[in-house]
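Visitor:
In my numbering, the protein residues as written are 88 to 696.
Listed below in structure tokens is the structure:
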């Protein structure tokens, strides 16, 4: 029996080794789920044995590779451009990919950034499936890697697999849910079909629920080295987000109330489960949250990425401070806020500045308390988040490195004629001196700081925030509103509003206790709270409101004497640039043509057929 047992054991190990060779050494799904784990590439594939794959170093690397694609955010994947440039929240000048997007040239043959997104997340799914299959087979000593650690790492891979599938769903619509790392000789591509959205949402939620039930992850990692590892807070936050999307108009055309109720329940459960560990930061520290080192255990931040984007955000999407004394210039103003976004920030009494626009947004109907007359200050008495998010004419932008101690903070001016940061009236210009200046009269300060500049550049932080606690309240507010629980919606919404110092919504001057009114103000709150955090691109799609991309505008400010001491006059100006990305085709990206040819059963999203 012992001999037979050894023979069987050898057969099993040989079979596992062959599968490892196939999986790690070969191409996977034709959906670009390709590539082996880089740390194994140093050994020829035919020499990789099971002991090599499942030793301590490699199991730790299997865990690490699960996260590779999570930390490849849009800005890293696509030449330093930010996703807001593809929405009505921001405009990026020059003939960039964003220009091509808004010019309407997106297609399966010209997928723009679609190839990078598609490849990135499928590779991530493959790595997760390898970890899920092989980590439980590790025979590493408990002294080196404990069973509890292995269980935790498997759950991290399960949760990450759900997240990667969800990201593909957000960009491309329903895609196959892949639960194994397919071998190189897999050939049944014709059987790969596009599932329904409900089917894919169900599988994503099943993985998340399994992780929550297993209870192997801490609510928050306490070690600085684990700051970017998944925790139970992420599981709850991701479930809240996924179910909110599943209930949204793009995926819930019949407006099934049960889906909204499920989303509300998940969000409330998340808040209840996480409330002892997470909370909203005070408004005084709101702006600092986006500039902290990645290892800071901020009470509101559930998960940060590990890529410091300070360089690209400040140099290619920032304010030129050279005229204010910095020795180094920015390269480009990049994605700058639109007037439409600025108009979303309320006055301190809760009034929105604008109630209506004309066709090209060159004039607007103002609400009481707001004015753009000569000598007025339209930026006074605004929601505190405005000052933490937007650089406007006369904004205090803080201090750059090396400023003399007695010098006042940098005050940025954006009026016509101001050197460096002044208004650029040629939005599609490629002239170096012009691309550094905003065509809307605004810059963003979220994830940016004057402290990046000075005698040298760098030394500051801009780490992407994947999830923060405020999202759970706004998810709960939206889902409750759509489920017609208006009182519950207001209660959740007011948590976020009150943190910013804004009054309860029911106390604003124009309040109406109707689903339509509360819905629109919740959506506005989401736009303000999460501006420049990669939410608006997806919110426009799940709400099916791409028509808001039709027209964008800026503020052309002039000074009576050409200096910052003069009286300012304000003129809303239409940005006369192509804005063609508003059809249903732009709700979901097309599958890149080569992938679509390999997978005839998958097809394109409906609008692309």
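Where is the CB? At the ideal position from N, CA and C, for every residue including glycine.
Cutting at 6 Å between CB atoms, please list the residues of its own chain near residue 364, excluding the five before and the five after it.
Guide: Indexing the chain shown from 1 puts residue 364 at position 277. Hits under 6 Å: 306 and 307.
Visitor: How should residue 687 be labelled, buried or exposed, when 16 other C-beta atoms within 10 angstroms of its C-beta is the threshold for buried?
Guide: Residue numbering aside, residue 687 sits at position 600 when the chain shown is read from its first letter. By the 10 Å Cβ count, residue 687 comes out exposed.
Visitor: For residue 238, which three-state DSSP category applies?
Guide: Translated into the one-based positions of the chain shown, residue 238 becomes position 151. DSSP places residue 238 in helix when its eight states are reduced to three.
Visitor: Buried or exposed for residue 372, going by 16 or more other Cβ atoms inside 10 Å?
Guide: Here residue 372 corresponds to residue number 285 of the chain shown, with the count starting at 1. Per the 10 Å Cβ criterion, exposed.
Visitor: Between which residues of its own chain and residue 405 is the CB-CB distance below 6 Å, once the five residues before and five after are set aside?
Guide: Here residue 405 corresponds to residue number 318 of the chain shown, with the count starting at 1. Answer for residue 405: 417 and 535, listed in chain order.
Visitor: Give the secondary structure of residue 157 by DSSP, where H, G and I count as helix, E and B as strand, and everything else as coil.
Guide: As a position in the chain shown, residue 157 is number 70, starting the count at 1. The answer is coil: DSSP assigns residue 157 none of H, G, I, E or B.
Visitor: Once the 5 residues before and after residue 257 are set aside, which same chain residues still bring their CB inside 6 Å of it?
Guide: The residue labelled residue 257 in the question sits at position 170 within the chain shown. 625, listed in sequence order.
Visitor: Apart from the five residues on each side of it in sequence, which residues of its chain come closer than 7 Å, Cβ to Cβ, to residue 696?
Guide: Walking along the chain shown from the start, residue 696 turns up at place 609. Excluding positions up to five away in sequence, the list reads 690.
Visitor: Residue 524 and residue 504: beta carbons closer than 8 Å?
Guide: Within the chain shown, numbered from 1, the residue matching residue 524 stands at position 437. Within the chain shown, numbered from 1, the residue matching residue 504 stands at position 417. Their beta carbons are not under 8 Å apart, which means residue 524 does not touch residue 504 by this criterion.
Visitor: Leaving out the 5 sequence neighbours to the left and right, which residues in its chain are closer than 8 Å to residue 585 when beta-carbon positions are compared?
Guide: One-based indexing of the chain shown puts residue 585 at position 498. Correct list, in chain order: 591.
Visitor: Put residue 483 into one of helix, strand or coil per three-state DSSP.
Guide: Against the chain shown, residue 483 aligns to sequence position 396. Reduced to three states, the DSSP call for residue 483 is strand.
Visitor: Please name the residue, chosen from 300, 543 and 397, that lies closest to residue 319 on a Cα-to-Cα basis.
Guide: Reading the chain shown from its first residue, position 232 is the one you call residue 319. It is 300 whose Cα lies nearest to the Cα of residue 319.
Visitor: Is the CB-CB distance between residue 595 and residue 380 below 8 Å?
Guide: Mapped onto the chain shown, residue 595 falls at position 508. Mapped onto the chain shown, residue 380 falls at position 293. Taking 8 Å as the Cβ cut-off, residue 595 and residue 380 do not qualify as a contacting pair.
Visitor: Counting C-beta neighbours from all protein chains within 10 Å, is the total for residue 196 16 or more, i.e. buried, or is it exposed?
Guide: What you label residue 196 is simply residue 109 of the chain shown in a count that begins at 1. Residue 196 comes out exposed.
Visitor: Within 10 angstroms of the Cβ of residue 344, are there 16 or more other Cβ atoms? Answer buried if so, exposed if not.
Guide: Counting from 1 along the chain shown, the entry for residue 344 is found at position 257. Exposed, by the Cβ-count rule.
Visitor: Please state the DSSP three-state secondary structure of residue 661.
Guide: Within the chain shown, numbered from 1, the residue matching residue 661 stands at position 574. If DSSP states are grouped into helix, strand and coil, residue 661 belongs with the strands.
Visitor: Tell me whether residue 532 is buried or exposed, calling it buried when 16 or more other Cβ atoms sit within 10 Å of its Cβ.
Guide: Your numbering for residue 532 matches position 445 in the chain shown. Counting Cβ neighbours within 10 Å, residue 532 comes out buried, since at least 16 surround it.
Visitor: Which of the three DSSP states is assigned to residue 227 in this structure?
Guide: Stepping through the chain shown from its first residue, residue 227 is reached at position 140. The answer is coil: DSSP assigns residue 227 none of H, G, I, E or B.
Visitor: To the nearest whole angstrom, what separates the beta carbons of residue 429 and residue 477, a pair I think is in contact under 8 Å?
Guide: Here the question's residue 429 lines up with position 342 in the chain shown. Here the question's residue 477 lines up with position 390 in the chain shown. Indeed they touch by this definition, with Cβ atoms about 6 Å apart.
Visitor: For residue 457, which of helix, strand or coil comes out of DSSP?
Guide: By one-based count along the chain shown, residue 457 stands at place 370. Three-state DSSP puts residue 457 in coil, outside helix and strand.
Visitor: Roughly how many whole angstroms lie between the Cα atoms of residue 692 and residue 668?
Guide: Within the chain shown, the letter at position 605 stands for residue 692. Within the chain shown, the letter at position 581 stands for residue 668. Their Cα atoms are separated by approximately 16 Å.
Visitor: Which complete alpha helix (DSSP H) runs does the region 513 to 558 hold, if anything under 4 residues is left out?
Guide: Whole alpha helix (DSSP H) segments, 4+ residues: 519 to 522.
Visitor: Distance check for residue 151 and residue 388, CA to CA, integer angstroms please.
Guide: Against the chain shown, residue 388 aligns to sequence position 301. Against the chain shown, residue 151 aligns to sequence position 64. Cα-Cα distance, rounded: 21 Å.
Visitor: Who are the near neighbours of residue 280 in its chain, counting only those whose CB is closer than 6 Å to its CB and skipping five residues on each side?
Guide: Within the chain shown, residue 280 is the residue found at index 193, counting from 1. Correct list, in chain order: 688.
Visitor: Taking only three categories from DSSP, how would you classify residue 490?
Guide: Stepping through the chain shown from its first residue, residue 490 is reached at position 403. Residue 490: coil per DSSP, three-state reduction.
Visitor: If we call anything under 8 Å between Cβ atoms a contact, is residue 484 one with residue 541?
Guide: Position 397 of the chain shown, counted from the start, is the residue given in the question as residue 484. Position 454 of the chain shown, counted from the start, is the residue given in the question as residue 541. It is not a contact, given that the beta carbons lie outside the stated cut-off.
Visitor: Given a threshold of 16 other Cβ atoms within 10 Å of its Cβ, counted over all protein chains shown, does residue 220 qualify as buried or as exposed?
Guide: On the chain shown, position 133 is the one that residue 220 refers to. Buried, by the Cβ-count rule.
Visitor: Tell me whether residue 179 sits in a helix, a strand or coil according to DSSP, three-state version.
Guide: Here residue 179 refers to the residue found at position 92 of the chain shown. Reduced to three states, the DSSP call for residue 179 is strand.
Visitor: With H, G and I counted as helix, E and B as strand and the rest as coil, what does DSSP make of residue 395?
Guide: Here the question's residue 395 lines up with position 308 in the chain shown. Strand at residue 395.
Visitor: Starting from residue 45 and walking both ways along the alpha helix (DSSP H), at which residues does that stretch end?
Guide: Past the edges of the chain, shown from 88 to 696, lies residue 45, and the structure says nothing about it.
Visitor: Report the three-state DSSP secondary structure of residue 653 (helix, strand or coil).
Guide: Taking the chain shown and counting its residues from 1, the one referred to as residue 653 is at position 566. Reduced to three states, the DSSP call for residue 653 is coil.
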